[in-house]
Structure formats: structure tokens, C-alpha cells
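Peer 1: Numbering follows our numbering, with no gaps: position 670 of the sequence shown is 678.
Beta carbons are placed, not taken as given, at the ideal position from N, Cα and C, and that holds for glycine.
The structure presented is a predicted model; accordingly, all values stated were derived computationally and were not measured.
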Amino acid sequence: MQLILDSKTWAEQMVKRLTLEEKISLLSGADVWRTTPIPRVGIPALKTTDGPVGVRGSTVTDGTTAALTPSAVSLAATFDTDIVEGIGHLLATEVEDKKADVLLAPTVCLHRSPLGGRNFESFSGDDPFLGGKLAAAYIRAIQSHGIATSIKHFVANDQETRRFILNQHIPERALREMHLVPFQIAIREANPWTLMTSYSKINGTYASNNKRLLQGILRDEWGYDGLVISDWFGTNSIVPSLEAGMDLEMPGPARKRGQKLLDAVRLGHLKERTIEKSAKRVLELVFKTGKHLCPDWIEGSEEAIDRVTHRNFLRMAAADGIVLLKNTDNLLPLRLEPGLQVAFIGPNSRASVAAGGGSANLNPHYRTTPYDSFVENASLLAPGLVTVKHAPGCLSNKWVPLVPETCVSPVNGQHGLFMELFGNTTLSGVAAASSHRKTSMLTCYDNIPKSFTPGKRYSYRATGLITPNTTGNHTFSLGSCGPSRMLVDGVEIISLWGRTKDSERSELFMAYASPEQRFSMYMEAGKTYTLVVEGISREMDPIPVEYFAELYREEVMDGARVGFMEEVQTDLMDEAVQLARESDVVVMVVGKNVEWESEAYDMKSMDLPGEQNKLISEILKTNPNTIIVNQSGSPITMPWIDEASTVLQAWYQGQELGNALFDVLTGLTNPNGKLPVTFPKRLEDTPTYHNFPGENDQVFYGEGIWLGYRHYDKAHIEPLFPFGFGLSYTTFEYNNVRVSSPIFSPHRDVTVSVDVTNTGYRSGKEAVQFYVSQISKPGLPRPVRELKGFAKVALEPGETKTVQYKLDKYALGYFNEKVKKWVVDENAEFEVFAAANSRDLRGSAIFSIMSGMQWIK
Numbered sequence: 009m010q011l012i013l014d015s016k017t018w019a020e021q022m023v024k025r026l027t028l029e030e031k032i033s034l035l036s037g038a039d040v041w042r043t044t045p046i047p048r049v050g051i052p053a054l055k056t057t058d059g060p061v062g063v064r065g066s067t068v069t070d071g072t073t074a075a076l077t078p079s080a081v082s083l084a085a086t087f088d089t090d091i092v093e094g095i096g097h098l099l100a101t102e103v104e105d106k107k108a109d110v111l112l113a114p115t116v117c118l119h120r121s122p123l124g125g126r127n128f129e130s131f132s133g134d135d136p137f138l139g140g141k142l143a144a145a146y147i148r149a150i151q152s153h154g155i156a157t158s159i160k161h162f163v164a165n166d167q168e169t170r171r172f173i174l175n176q177h178i179p180e181r182a183l184r185e186m187h188l189v190p191f192q193i194a195i196r197e198a199n200p201w202t203l204m205t206s207y208s209k210i211n212g213t214y215a216s217n218n219k220r221l222l223q224g225i226l227r228d229e230w231g232y233d234g235l236v237i238s239d240w241f242g243t244n245s246i247v248p249s250l251e252a253g254m255d256l257e258m259p260g261p262a263r264k265r266g267q268k269l270l271d272a273v274r275l276g277h278l279k280e281r282t283i284e285k286s287a288k289r290v291l292e293l294v295f296k297t298g299k300h301l302c303p304d305w306i307e308g309s310e311e312a313i314d315r316v317t318h319r320n321f322l323r324m325a326a327a328d329g330i331v332l333l334k335n336t337d338n339l340l341p342l343r344l345e346p347g348l349q350v351a352f353i354g355p356n357s358r359a360s361v362a363a364g365g366g367s368a369n370l371n372p373h374y375r376t377t378p379y380d381s382f383v384e385n386a387s388l389l390a391p392g393l394v395t396v397k398h399a400p401g402c403l404s405n406k407w408v409p410l411v412p413e414t415c416v417s418p419v420n421g422q423h424g425l426f427m428e429l430f431g432n433t434t435l436s437g438v439a440a441a442s443s444h445r446k447t448s449m450l451t452c453y454d455n456i457p458k459s460f461t462p463g464k465r466y467s468y469r470a471t472g473l474i475t476p477n478t479t480g481n482h483t484f485s486l487g488s489c490g491p492s493r494m495l496v497d498g499v500e501i502i503s504l505w506g507r508t509k510d511s512e513r514s515e516l517f518m519a520y521a522s523p524e525q526r527f528s529m530y531m532e533a534g535k536t537y538t539l540v541v542e543g544i545s546r547e548m549d550p551i552p553v554e555y556f557a558e559l560y561r562e563e564v565m566d567g568a569r570v571g572f573m574e575e576v577q578t579d580l581m582d583e584a585v586q587l588a589r590e591s592d593v594v595v596m597v598v599g600k601n602v603e604w605e606s607e608a609y610d611m612k613s614m615d616l617p618g619e620q621n622k623l624i625s626e627i628l629k630t631n632p633n634t635i636i637v638n639q640s641g642s643p644i645t646m647p648w649i650d651e652a653s654t655v656l657q658a659w660y661q662g663q664e665l666g667n668a669l670f671d672v673l674t675g676l677t678n679p680n681g682k683l684p685v686t687f688p689k690r691l692e693d694t695p696t697y698h699n700f701p702g703e704n705d706q707v708f709y710g711e712g713i714w715l716g717y718r719h720y721d722k723a724h725i726e727p728l729f730p731f732g733f734g735l736s737y738t739t740f741e742y743n744n745v746r747v748s749s750p751i752f753s754p755h756r757d758v759t760v761s762v763d764v765t766n767t768g769y770r771s772g773k774e775a776v777q778f779y780v781s782q783i784s785k786p787g788l789p790r791p792v793r794e795l796k797g798f799a800k801v802a803l804e805p806g807e808t809k810t811v812q813y814k815l816d817k818y819a820l821g822y823f824n825e826k827v828k829k830w831v832v833d834e835n836a837e838f839e840v841f842a843a844a845n846s847r848d849l850r851g852s853a854i855f856s857i858m859s860g861m862q863w864i865k
């Protein structure tokens, strides 16, 4: 018996046993989350799962519970590869719980604009080096368990506006030095087993069809030999995508492939060896995940295992990502003294704002809130000593909230709605399936009956019993992908029944649904009303059989969003001001949420939604002992910053957000996060202000390489808070910056070292940053300085440690379009800075290189 030693040998042997039809079947998914098995020869399916903040499993809405991690931007703020690696090990365990093989993460695209809807998902922030290094740590950890990762989205998926048809014009140098670098570092250092393409066009060609990117750069230049997957429904052609090197169309069943590819081969439009090349890559992934040892694999039930070790690690990881922006009056850390009254004020203060929206969303094992966690933890640390009160102060929701606990299913009496699905468009006959929906986000996607024919329309009905707590003019809302209507006690109050595929779309349901429609009606407290929503799935155009044409992305996401809110009958801001007046300390938790920051749309403004800025100003005037805590995945404007003494940036922290915030507020954790993205004073100062989100489905990357802190340094613009900024409850002193050699050569890297001392009275961690600047005249204009190293160091009071980082050729080069290579100038001289942030340079050393260098990989 021949021993199979590697994935390529096994794949080569297996593909020889397959018919042409079977080879083609491997190039498309079987369903939303799984690849196609071939039982005849013992090839099992692979199961994929989102995503960026945890392992959701196979159901988008109300699925099996999972650990909800801090968002990638929060993990990036740790500047700590050990923490990111720990998150990777945690997620690998969760992937195993969900019986999956491929985790669709990490995201590494740059935060090109503070308005980007998916910024919170990405490790990169301002800087491609930071994102690439953190992604590599994440990938190595996960894949050490035999679980595949899928680095995404290749390339420059940095805006959501018109993302399916947008043409991104990116200069070559900007593409090479900025947008490709996170992928290049991660591939070079960790070799992710799969890579996911982006939706948009890059310099005129869809990413999934882009042979220059997928074959020329990714495979030929970088030597990548993993599997390339489309983003979901992001296969934009029949033949060109496969010839470009995009191996696997997801999700299934086949839309652009399958029979269409078979016909293309028979008509001579495509060679069978092209089919085989991609089929072998799918088979290689089967081998890498160990599934080749399970030819008769049957998927087990997903498990929800809430581990104490995971809870503890997530709490620590979340706390280490919180950034202390201001503490001029030393209000922090709070001392839980007898008689202290703390007011939690703000729309996010008693809400679980744990993540942004879109494919990053999941059903967490549990949720925490800032207020509730503070009450619980304070009662343990200082029982009976501290009084904690709450007032929202204002509302910040974009849409009417989903139905509250006062809405229950008529079938089981549990919170939510009873939903029925019918295999026709008339809601007639016996329902093909029915289920309890825990929320009123009535998603029809991966949870529709398998008996439904893809593309064939169906109908649904959701029913709930709603009993308001108060009497007043209460508001219902409805938004849907296809036709729908809402009835209360049999009376139609909202109708979208005339909706067609050409009707107006909004941001709801990944930008496929109607604008939200609202209706207010008088309702009595304690009286039960019957709420019914009926709808029909939206109509879709058939996919044309044009073998070489660029084809538009289609989507099967469907359903309706149902909202209900009782009338607010008090002045929320006045209540909050009064509470602030009578309290010793105010913790104001403000920010954005899943409605404002999400996949499918970008933000319109950096400002806090609603009346939050006004609320902050009023509270600061009333009680100067106010701590501002902002929850967002992107920078916000802070018109009140001069009046505020204390500000924390808390990002989206996952299921442990409340406990992590308590730890930082009370000093159990000394804040050590650093900003992975520059906070500008205003949107007009940003590098992409004139070029985001573009016009007429075209966006020009006019900023070139001058993105993030590179732009602010070159333009001499003072940011609100610079890249890498973050304070501590202690202080750190940097001394004796030095390099291991004054000469860098191709055979001898240079190591930079700095002695860091904790000069304060608390133990703490410091993220030391190393920036490199070419001080001799470069062949092309270069940034003032660039991040090329970072390291986290923990220090006790008075303790000194030496922090080191090795600088290789990648720390010195720039891309020269003329020679089409990375270059280091001959006789170049460099200065390396040890820094607390991009503007706080604590010392430097100089070294040089005698002979020039060039490379492509």
C-alpha cells in the first residue's frame, strides 16, 4: 500500500479517479456553507463558517450560540501578537464545536476612510504592516489545529457603497505598498490555506475575474498555492473567473458553474486541465483539514460550549484593547469608596453593543452591558458600598428597535415570533416548515427548507402577540426584500405588497430590502394585540449563459425586519442631567452600534448618532467628573473634547464588553491599548475626503500611498489623536535606542533595541513601536516614517526591560513601478525610532546599507 505523504500527491491521485462532471462539481458549493462531496470515491464535504468575531455556525440569525470575541480593530489596538494568537486557538476550538473546517477570517483590508462600514472587522487600521503581522499570528494559531482560515477580501475591500459594481482605480504603487501588503505578509509568514476575493472591480476587472491579481501577483509572484474562494455570490463570470485562478464558487448550489462549465468545456471555451487545476486545490484543502481520513464523514450537530477559560481570556483580551485617550484630572482609576454614587448615562450604557453588523454578526453565549457588569462586579468587590444608577439620556437607533420581550409567539409563549414558510407565493396550503424566531429579524437564507428550489419564489407568515407596558401612540415598522404587509388584529397597517425587483432599496438586509416603513397607533397597556407579517420572497433575474461576459452578482438573502417601540413619554435628557447632578461620578457610554456600522453600507458622518454630542455637553456642564466611553469601530468627532477630562475608546468588545470595561474603569486592568487608526479632528482632514465613496460607480485612490498617519505626517496636519496613541495609569521612559550593527546587508539583518522603564507606581504594559525613515534621498518620495516593528512589554513599577525587533529588507524597501520590483536604494541611510506613538518619538538610531537590493516576493 502506497503511503500518501502530502496534500498534492493525494489530490493528484484523487482527481484521476473523477469524471469531468465530478471535477466540475468540486468547483461550486453544495449549499450556503458546504462544499460538494463525492461519495463515490470517498471525498467528503467541507463546512465553512463566518467569521471575523467568532464562529457562527450554519445559521445567520438565531443560530447555535458561540463565543463573541472583540472585533478585529479592538484586537489590533492591543498591538499584541500573543493575544491575537490566543484568540486564534480559542476560535479553532469553537470551529470544532460547530463541526466546521474553514473559518472565513481574518479581514485585513485597510481603513481607507473613517466612514467605512466594515472597518471594525479589520486588523489593519491605518497600517498594512500591523494588519499583516496580527493576521499571521491569527492564522498560524488556527491552522495549527487543522482548521483552515480564509484571509479576506483580496483586495482593497475598504468600502461598502456600491460594492458589487464599484470600479476601484488604484495606482500601482499604492496597491503594492499599502493594499496588498497585509495579504503578502500573512501569506509569507503563515500561509493561509484559503483566500477570499472581494466583490468590486480593481482597475476595471472584477476581483474574481482578475487574472493579474489572482494569477500574476498572488500565484506567480508570491507563490501562493492555496485555494481561492469567491466571496458569497461574488463569482462574476463563468469562464474568466476560473481561468483567472478563482477556484471555488460559493455558496452553492452552482450558479455560474455546474452545467454551465460543463457546456463551456464541451463547446471548447474551456480546457479540462483548467478544471483539474482548481479541483486539485479543493482536494488539497480536504487533505490539509484531515477530512481525507473521513471518507464517510457525516456532519454532527453543532455544539454551544460556554467555557470558563474562554470567558476569562476574552475578558482580558477585551480589556487590553481599550484605549485611554485622556485622563487629565486622574479621575481614573475609580476608587470604590463607601457612599460613592456612579451614574451610567448614554444610549449604550445599558445595551450590549458587542459587534458591528453584517456577516460578522452571531448569537453569543451571553451578553454583558456596561451598567449591569459594573453593578455585578462592584457588588463583589465592594458589597453595599457603591450606588449605581442609570439613565439613557437619548436614543441613538437608526431604525425602530426589533420587537421587545413584550412580544411572544402564540405557539410557545416565548419572546419572538412564530414563522411559517410556504412553497408557493400565496401562503396557501400546509406550511413547508415552521419555527420559532427569537428575534424579529426574519431572515430567510440558510434556514429555508431544502425542498425549496433555488430561484423559485416562496411566501412566509410571522405571528406574534404583543402586550405593551404603557398606554400611548406606539410605533411599528416593516422593511422587506420582497412584497410584504403588516397587520395588527387583522387590520393592515403597513403595505409593501406592490414591491418589485426594481423598487427602491435601503440599507436593510444587506442593502436588498425596502426603506423602513413606520406606523404609529394608540395602544393600551396590558392589552394583547395580534401582530402578523406576511411576505413573498423577492423576484430575481435569471443568470444569463454568457460564457465570457462579466456577470452581476445575485443574492438569495430574503425576509423582513419587524420593529416595535413604545412611545417615549419623558424627557430623557432632563432625566440624565438630573441624575448626573446628584451623582459623584458619571460614566457616559456613547457610540455607534450594529445599525450604524455594518457590512453592506458605509457611514455618512463621523459624528455620534442622534443627540449624543448634545447629551455629552450637557452632562459635562452639570458634572465635570464625567468619564466618556465611546464604543465604535472607527474614529468619531469629539466637539466636546476640550471640556472632557477623561475619555476611553472601547471599540466593540464582544460578549465580555461590560466586564472588560469594569476592569479598566477600576484599575483591575491598567489600560494598555493603542490606536491602530488615526483619529482626525474632522472628516475634511482625512486623506480620502475628496475620493470616498466616489461617483458614478468609480472611485479613485488619489491619496496613493499617503493613507492614515502617512498622510497626516506629510501634510503636517495635527490629528485629534495620532496612530499608536494610548495612555496608561503609569508612565514609561525609553532610553538607549541602539542597533546591532550600523550596516545592513542582504545577509545580515539589523536588530533595534530600546530600554523601557516603568517610572510610575502601577504595573502596566507598553506597546513599543518602531518606525523607520529613509533619511538619505530616496529614488521616489517616501513617507516621513513607517511602522516596521512593535512589541508588548509588561513591567512592574521601577522595572526595566530591553525591547528588541529585527528589521529585515521588508522594513526598508519601497515599490518602484519602473522596474516593477521592491527596491532599497544603494548607499541608503535610515533612522529607526522607538516610539510611544507615531508622533511621540522617544529616541532613534541610524544605520545604512551599501549595496542596493531588489525583490518581488
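How many angstroms separate the CA atom of L735 from the CA atom of T72?
Peer 2: Cα to Cα, the separation comes out at about 39 Å.
Peer 1: What does a CB cutoff of less than 6 Å around D105 pick up in its chain, not counting 5 residues either side in sequence?
Peer 2: Excluding residues within five positions, the ones whose Cβ falls inside 6 Å are E311 and I313.
Peer 1: Please list the terminal residues of the continuous beta strand (DSSP E) segment that includes K826.
Peer 2: No beta strand (DSSP E) contains K826, which DSSP labels as neither H nor E.
Peer 1: State buried or exposed for R569, treating a residue as buried only when at least 16 other CB atoms are found within 10 Å of its CB.
Peer 2: Looking at its Cβ environment, which holds 16 or more other Cβ atoms inside 10 Å, R569 is buried.
Peer 1: Please report the straight-line C-alpha distance between T765 and Q777, rounded to a whole angstrom.
Peer 2: T765 and Q777: Cα-Cα distance of roughly 15 Å.
Peer 1: Does the distance from the CB of L112 to the CB of I150 come in under 8 Å?
Peer 2: Going by C-beta atoms, L112 is not nearer than 8 Å to I150.
Peer 1: Would you list the one or two residues that DSSP bridges to M427?
Peer 2: DSSP lists S443 and A470 as partners of M427.
Peer 1: What residues are listed by DSSP as bridge partners for R569?
Peer 2: Its beta-bridge partners are M449 and G487.
Peer 1: Among L403, S404 and H423, which one has its Cα closest to the Cα of P412?
Peer 2: Ranking the options by Cα distance to P412, first place goes to H423.
Peer 1: For D763, which beta-bridge partners are listed by DSSP?
Peer 2: N743 and T810, per the DSSP bridge assignment.
Peer 1: Take the Cβ of E512 as the centre, count every other Cβ of all protein chains shown within 10 Å, and call the residue buried at 16 or more, exposed below.
Peer 2: E512 comes out exposed.
Peer 1: Answer yes or no: do A164 and I147 have a C-beta to C-beta separation smaller than 8 Å?
Peer 2: The answer is no: Cβ separation not under 8 Å.
Peer 1: Could you check how far apart the C-beta atoms of I627 and V594 are, in whole angstroms? I think they sit under 8 Å.
Peer 2: Yes, I627 and V594 are in contact; Cβ-Cβ is about 6 Å, under 8 Å.
Peer 1: Report yes or no: is there a C-beta of chain C within less than 8 Å of the C-beta of I210?
Peer 2: Reference to chain C is not applicable here, since this structure consists of a single protein chain.
Peer 1: When we look at the beta-carbon of T377 and count the other beta-carbons within 10 Å, is it buried (16 or more) or exposed?
Peer 2: With 16 or more other Cβ atoms within 10 Å, it is buried.
Peer 1: Is the separation between the beta-carbon of A75 and that of H153 shorter than 8 Å?
Peer 2: Not in contact: A75 and H153 (Cβ atoms no closer than 8 Å).
Peer 1: Whole angstroms are fine: how far does the CA of I624 sit from the CA of G347?
Peer 2: Near 25 Å, if we compare the C-alpha coordinates of I624 and G347.
Peer 1: My assumption, with CB atoms under 8 Å, is that P372 sits in contact with Q663. Please give the rounded CB distance.
Peer 2: Indeed they touch by this definition, with Cβ atoms about 4 Å apart.
Peer 1: By how many angstroms is the C-alpha of G253 removed from the C-alpha of Y232?
Peer 2: Looking at the two C-alpha atoms, the distance is approximately 11 Å.
Peer 1: Tell me the rounded alpha-carbon separation between M531 and I502.
Peer 2: Taking the straight line joining both Cα atoms gives about 16 Å.
Peer 1: What's the call for L788, buried or exposed, on a 16-neighbour Cβ count within 10 Å?
Peer 2: Exposed.
Peer 1: Apart from the five residues on each side of it in sequence, which residues of its chain come closer than 8 Å, Cβ to Cβ, to D497?
Peer 2: Closer than 8 Å at Cβ, skipping near neighbours: Y537 and T538.
Peer 1: Could you tell me which residues DSSP puts in a beta bridge with G797?
Peer 2: Answer by DSSP bridge pairing, in chain order: F778.
Peer 1: Could you check what DSSP says for N667 in three-state terms: helix, strand or coil?
Peer 2: Residue state, collapsed to three classes: helix.
Peer 1: How far does the beta strand (DSSP E) with G851 in it reach, from first residue to last?
Peer 2: D848 to I857 is the span of the beta strand (DSSP E), which, as asked, contains G851.
Peer 1: Enumerate, from N- to C-terminal direction, the unbroken beta strand (DSSP E) stretches of 3 or more residues contained entirely within the segment 478-560.
Peer 2: Listed in chain order, the complete beta strand (DSSP E) runs (minimum 3 residues) inside the segment 478-560 are 480-488, 492-496, 499-503, 525-531 and 537-544.
Peer 1: How is G329 classed by DSSP in three states: helix, strand or coil?
Peer 2: Helix.
Peer 1: Looking at the strands, I want to know which residues DSSP matches up with C415.
Peer 2: In the DSSP output, where bridge partners are listed per residue, C415 has I474.
Peer 1: How far does the beta strand (DSSP E) with K397 in it extend, from its first residue to its last?
Peer 2: It spans V394 to A399 - the beta strand (DSSP E) in which K397 sits, taken as one unbroken run.
Peer 1: Is L123 closer than 8 Å to T89 when the C-beta atoms are compared?
Peer 2: Not a contact, by the Cβ cut-off of 8 Å.
Peer 1: Pick from M858, F731 and G821: whose alpha carbon is nearest that of R847?
Peer 2: Of M858, F731 and G821, the residue nearest in Cα terms is F731.
Peer 1: Between which two residues does the beta strand (DSSP E) harbouring I237 extend?
Peer 2: Start and end: L235 to I237.
Peer 1: Can you say whether F172 is buried or exposed, counting buried as having 16 or more other CB atoms within 10 angstroms of its CB?
Peer 2: F172 is buried by the Cβ-count criterion.
Peer 1: Below 8 Å CB to CB, which residues in the same chain sit around V792 once its five sequence neighbours on both sides are set aside?
Peer 2: Around V792: R718, D721, K722 and S781.
Peer 1: As a quick exercise: from V801, D816 and Q862, pick the residue whose alpha carbon is nearest that of K826.
Peer 2: Comparing Cα-Cα distances from K826 to each of V801, D816 and Q862, the minimum goes to Q862.
Peer 1: Which residue's Cα is closest to the Cα of L226: T808, T202 and A470?
Peer 2: Cα-wise, what sits closest to L226 is T202.
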